[in-house]
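Quick note: the working numbering has the sequence shown finishing at residue 99, numbered continuously throughout.
Beneath this line is the structure, given in C-alpha cells, with notes to follow.
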Amino acid sequence: MTAQIASNYYDGRAPFTATFRAGTSFVIYPDGRVETCEFAHVCSYTWDVRERNGPTIYGPESGGKEFAYNFTKRGEFIVVVYVCRGQACSFTAANVTVR
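Dropping the structure here:
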C-alpha cells in the first residue's frame, strides 16, 4: 500500500479551511497488479490533525478520501491519513503552516 495525500492549501493566514485528498493512494500486489483507491468505498481512510511536536488536536476520524479542516490558530500542524485496502495499509502526512 502506498498512501498519498494532496491539499489545496499547505499554508495561509488563520482562519482558513484546507481540503486534503488521498484518493490517488494505491496497492501493488506481488503479481504486479496495481489497484488504486480512486473509486468510492474501495479503500478506508482515517484522518487526524496534530500540532507539530505536540498532541493530536482532531481525530482520529474515519471518513472518505477527502477531508476538510478549519485551521483557526497560528502554528505548525501535521495532517495524517491512514489508508487501507483490505489487509494492505499505509499512512502519510502533510505539513501545514498557519500564520
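The C-beta atom is built at its ideal place from N, Cα and C for all residues, glycine as well.
Pairing Phe20 with Phe91 gives a Cβ-Cβ distance that is not under 8 Å.
A direct Cα-to-Cα measurement between Tyr82 and Cys89 gives close to 7 Å.
With fewer than 16 neighbouring CB atoms inside 10 Å of its own CB, Phe39 falls in the exposed class. For the 8 Å CB-CB criterion, Arg99 and Arg74 form a contact. Taking the C-beta atoms as reference points, Ser7 is found nearer than 8 Å to Ala94.
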